[in-house]
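Reading through the structure tokens given below for one structure.
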Amino acid sequence: MEEILKVEHLHKSFENLTVLEDVSLTVNKGEVVVIVGPSGCGKSTFLRCINGLEDIQDGRVILDGQTINPPLQKGDNYRQRIGMVFQSYELFPHKTILGNIMLAPIKVQKRDKNEVRAEAEQLLEKVGLSSKKDNYPRQLSGGQKQRVAIVRALIMHPEILLFDEVTAALDPEMVREVLDVILELAKQQRTMLIVTHEMAFARAIADRIVFMDGGSIIEVSEPERFFTEPRTERAKRFLKTFEY
Ligand code: ADP
Ligand code: MG
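Every number in the working numbering is 6 more than the matching position in the sequence shown, counting from 1.
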């Protein structure tokens with residue numbers, strides 16, 4: 007197995023609040039790692055550190071041999087190598103769907119406009135949104151906007167995709183359509199690090215489950231193991247909150 011991402015002894019604090027404490031994790035190429043844990047335990051901060059959006063106090067983040075030294079400088083290509091999708095879609099309201107998707111590959115990666123357009127149309131078709139390409143974000147549902155946000159990440163050809171609770175803001179009937187797109191990406195052997203509260207989805211898609219609590223990784227398990235016989239009391243307590 008080939009390692010693609012390696013986080014070593016990461017420490018992150020905001021002033022005197024320690025948010026991540028000695029977090030280490032290795033992700034292999036083609037692997038789907040799902041991070042679960044209570045609200046406020048540091049999941050988003052962890053993804054933001056991996057994406058170079060935060061300065062860190064100690065430790066290292068290494069992507070395919072390249073160590074990142076945050077805060078990243080202008081012109082640093084590191085973030086192009088990582089695709090991140092957030093809970094809020096962050097599409098530009100005054101650009102069409104196609105315009106939103108084509109912006110970064112043309113401006114940042116300096117790719118050919120026709121080539122980028124062809125790929126954008128192909129990706130939109132794969133997520134069932136061909137008919138929306140000339141619409142504006144406000145004309146789309148939340149689930150549709152989130153699928154556009156995923157396409158916008160994919161068109162950069164990232165080596166790893168980070169998803170931070172991408173269905174948390176969606177109405178229940180739209181959650182499925184977004185999760186299905188992510189399941190399809192897993193079938194294509196994409197490397198993904200996913201934060202979610204959708205436990206059935208986590209169980210179905212994960213190669214490994216990472217359980218975080220209080221700024222640390224408490225448990226790393228195969229999904230079946232984690233959901234049927236978690237090793238720690240904290241994980242048991244956490245999973246109980248999803249039973250009803
Ligand atoms: P999660 O995603 O697991 O809910 P977060 O990573 O968002 O957790 O937050 C972890 C902790 O860090 C929380 O206590 C949160 O209040 C704190 N935190 C997050 N971002 C900031 C920030 N920019 N400044 C200060 N504290 C922050
Ligand atoms: Mg979060």
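For every residue, glycine included, the Cβ atom is placed at its ideal position computed from N, Cα and C. In this text, all values refer to a predicted model and were calculated from it rather than measured experimentally.
Cβ-heavy atom distance, residue i to ligand 2, below 7 Å
i: residue 246; result: no
i: residue 227; result: no
i: residue 49; result: yes
i: residue 6; result: Outside the displayed span of the chain (7 to 250) sits residue 6, for which this structure offers no information.
i: residue 219; result: no
i: residue 170; result: yes
Ligand 1 heavy atom lying under 7 Å from the CB of residue i
i: residue 197; result: no
i: residue 137; result: no
i: residue 45; result: yes
i: residue 20; result: yes
i: residue 187; result: no
i: residue 25; result: yes
Local Cβ density within 10 Å of residue i, reported as buried at 16 or more and exposed below that
i: residue 43; result: buried
i: residue 202; result: buried
i: residue 134; result: exposed
i: residue 22; result: exposed
i: residue 71; result: exposed
i: residue 128; result: exposed
i: residue 177; result: exposed
i: residue 212; result: buried
i: residue 7; result: exposed
C-alpha distance - residue i paired with residue j, whole-angstrom precision
i: residue 220; j: residue 46; result: 8 Å
i: residue 155; j: residue 98; result: 11 Å
i: residue 62; j: residue 31; result: 16 Å
i: residue 148; j: residue 180; result: 7 Å
i: residue 237; j: residue 157; result: 37 Å
i: residue 208; j: residue 139; result: 30 Å
i: residue 90; j: residue 145; result: 23 Å
i: residue 24; j: residue 227; result: 25 Å
i: residue 109; j: residue 243; result: 45 Å
i: residue 124; j: residue 151; result: 20 Å
i: residue 141; j: residue 160; result: 20 Å
Counting only runs of 3+ residues fully inside the region 37-106, write out the beta strand (DSSP E) ranges in chain order.
Whole beta strand (DSSP E) segments, 3+ residues: 38-42, 64-69, 88-91.
Three or more C-beta pairs below 8 Å linking the region 117-126 and the region 188-197
no
Can you list, in chain order, the stretches of the alpha helix (DSSP H) that have 4 or more residues and sit fully within the region 165-205?
178-193
Do the region 98-110 and the region 63-76 touch if we need at least three Cβ pairs shorter than 8 Å?
no
Ignoring anything shorter than 3 residues, give me the beta strand (DSSP E) runs that lie fully in the region 107-173, in order along the chain.
166-170
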